[in-house]
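The numbering used here numbers the first residue of the sequence shown as 75 and each following residue consecutively.
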Amino acid sequence: MRQLNSLATFIQVAKDESVTKAAARLHLTQQAVSQQIKKLEEELGVKLFNRAHRKIYLTPEGEQLLKHASGYLAALESEMLNLKNDSQALTGHISISCTLELATLVLAPVIEQFKQQQPQVTLQIDLQSDATSVDNVKQGKTDIGIVVFSSGEKLIDISPLRKEAFITVASAQYLKHHGPIEKFEQILMRDIIDYQMDCPSMRTWLAKNNKALVKKLELKTAAIAANDDRLIKDFVMQGLGVANLPRLLVANELKEKQLIEILPNAKSISAGIDIITMKDRILPAQVAAFLKVLKSPLSN
Numbered sequence: 075m076r077q078l079n080s081l082a083t084f085i086q087v088a089k090d091e092s093v094t095k096a097a098a099r100l101h102l103t104q105q106a107v108s109q110q111i112k113k114l115e116e117e118l119g120v121k122l123f124n125r126a127h128r129k130i131y132l133t134p135e136g137e138q139l140l141k142h143a144s145g146y147l148a149a150l151e152s153e154m155l156n157l158k159n160d161s162q163a164l165t166g167h168i169s170i171s172c173t174l175e176l177a178t179l180v181l182a183p184v185i186e187q188f189k190q191q192q193p194q195v196t197l198q199i200d201l202q203s204d205a206t207s208v209d210n211v212k213q214g215k216t217d218i219g220i221v222v223f224s225s226g227e228k229l230i231d232i233s234p235l236r237k238e239a240f241i242t243v244a245s246a247q248y249l250k251h252h253g254p255i256e257k258f259e260q261i262l263m264r265d266i267i268d269y270q271m272d273c274p275s276m277r278t279w280l281a282k283n284n285k286a287l288v289k290k291l292e293l294k295t296a297a298i299a300a301n302d303d304r305l306i307k308d309f310v311m312q313g314l315g316v317a318n319l320p321r322l323l324v325a326n327e328l329k330e331k332q333l334i335e336i337l338p339n340a341k342s343i344s345a346g347i348d349i350i351t352m353k354d355r356i357l358p359a360q361v362a363a364f365l366k367v368l369k370s371p372l373s374n
């Protein structure tokens, strides 16, 4: 266990690039931190840090140790928390950041299941854009983010949750008034509702089904643009145009024939939904327990 404490101290010093800052975070004296690093260097027989101009820098050996130790220690702590969680009720708080759509589609059923298991844990849902959710996780303002397409972020851990299929729909009212859509070319003559004025979602759908039409679509702007799928759905339901929407979001309306899928044999597009947490962070017990429920096949 002493070696584990030394590894944890080493990781914190490496992250902060400062013995002083690491000591404050770990609630230790600077002398205690320095001694742990020195003993670890002696046990390994290598120098882990270089010191210059009142700053410390990882040596190549230190960088190698950090790469392996961070994942190992996080996995070990997580497993220890799981063992502890299995034998006792949890308390504490969990903060989650996501869009309104993802809160409704993904979180609502999971929270119900989790609260049945852990009624003492409190949760705060912060409705934000994907970009803000990523920033909140990186800055430690929120425990968990649920976002669409988070690849390329270096300071967060990304766990793919599921893929959401998007289909093209219009209201029965709109099709009755404007006529059926039986060819991809007819989309260009209709009112497109998208999340930006240059119709990125419709462009992606056409590129997958009829690339020749993508150039023509560049000459068209959306009749209405909104950055929330639920709002776009409302506009479509009002008979204002055609849009790509998550199949799950419009399942009931399709069943009731209020909405009609356009060209149902076309190739659908999909968006990946990801769970994000701060990279190499040792998660509190209640957060780890919530993630376990969120990632459960029964929840998806």
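Backbone N, C-alpha and C fix where the C-beta goes; we use that ideal spot for every residue, glycine too.
Computed from a predicted model, the values in this text were never measured in an experiment.
Point to revise | T206 - containing alpha helix (DSSP H), residue span | key: 204 to 212
Check your understanding: Any idea if F223 is buried or exposed, counting beta-carbon neighbours within 10 angstroms, 16 or more meaning buried?
Key -> exposed
Check your understanding: If you drop the 5 nearest sequence neighbours on each side, which residues of the same chain put their C-beta closer than 7 angstroms to that of L287?
Key -> F258, E259, L262, L280
Point to revise | Integer Cβ distance of V184 from L368, believed to fall under 8 angstroms | key: 5 angstroms
Exercise for review: Would you mind stating whether L150 and L139 have Cβ atoms separated by less than 9 angstroms?
Suggested key: no
Point to revise | Among L176, D90, L118, the one whose alpha carbon lies nearest that of P320 | key: L176
Practice item. Could you check what DSSP says for Y269 in three-state terms: helix, strand or coil? Key: coil
Review point. Helix, strand or coil for H251 per DSSP?
Key: helix
**Study point:** Alpha-carbon to alpha-carbon, Q247 and L357
**Key:** 50 angstroms
Practice item. Note down, in chain order, each residue of its chain lying with its Cβ closer than 8 angstroms to the Cβ of I130, except the 5 sequence neighbours on either side. Key: V87, E91, S92, V93, F123, N124
Practice item. For I350, collect the residues of the same chain with a Cβ closer than 8 angstroms to its Cβ; drop the 5 residues on either side in sequence, then sort them by chain order. Key: S207, V208, V211, I218, G219, I220, V221, S224, E227, I230, D231, I232, S233
Check your understanding: What distance in whole Å lies between the Cβ atoms of Q192 and L164, which are believed to be in contact at a cut-off of 8 angstroms?
Key -> 5 angstroms
Point to revise | K307 versus I267, K189, E292, M271, residue with shortest Cα-Cα distance | key: I267
Review point. By the 10 Å Cβ neighbour count, where 16 or more other Cβ atoms means buried, how is M271 classified, buried or exposed?
Key: exposed
Check your understanding: How would you label L114, buried or exposed, when you count the other beta carbons within 10 angstroms and need 16 or more for buried?
Key -> buried
Point to revise | Presumed contact (8 angstroms Cβ cut-off) between I85 and L147, rounded CB distance | key: 7 angstroms
Practice item. Give the DSSP-derived three-state secondary structure of T196 in the structure shown. Key: strand
Check your understanding: Quick one: Cα of K366 to Cα of R128, how far?
Key -> 43 angstroms
Check your understanding: With DSSP run on the structure shown, which of helix, strand or coil describes A171?
Key -> The amino acid at residue 171 is misidentified as Ala; the sequence shows Ser. Three-state result, S171: strand.
Point to revise | N318, DSSP secondary structure in three states | key: strand
Point to revise | Residue from D200, L249, T83 with nearest C-alpha to A106 | key: T83
Check your understanding: Taking the beta strand (DSSP E) that D303 falls in, what are its first and last residues?
Key -> Note, D303: premise wrong, no beta strand (DSSP E); alpha helix (DSSP H) at 303 to 311.
Point to revise | Through-space distance from A182 to K290, alpha-carbon basis | key: 40 angstroms
Review point. Looking at C-alpha atoms only, which residue of D303, A205, T295, K294 is the closest neighbour of L179?
Key: D303
Practice item. Look at the alpha carbon of K341 and the alpha carbon of K282, and state the distance between them as a whole number of angstroms. Key: 7 angstroms
Check your understanding: What's the gap between the Cα of D265 and the Cα of L314?
Key -> 7 angstroms
Exercise for review: Please confirm whether A299 and V195 have their CB atoms less than 9 angstroms apart.
Suggested key: no
Check your understanding: Alpha carbon to alpha carbon, how far is K36 from G214?
Key -> Because the chain in this structure spans residues 75 to 374, residue 36 falls outside the shown range and cannot be described.
**Study point:** Minimum C-alpha distance to V243 - residue among K237, L235, S275
**Key:** S275
Practice item. Assuming S245 contacts Q198 (C-beta within less than 8 angstroms), just tell me the rounded distance between them. Key: About 36 angstroms; that fails the 8 angstroms criterion.
Check your understanding: By Cβ distance, which residues of its chain are closer than 8 angstroms to M311, with the 5 residues on each side in sequence left out?
Key -> S245, E327, Q332, L333
Review point. Does DSSP put F123 in a helix, a strand or coil?
Key: strand
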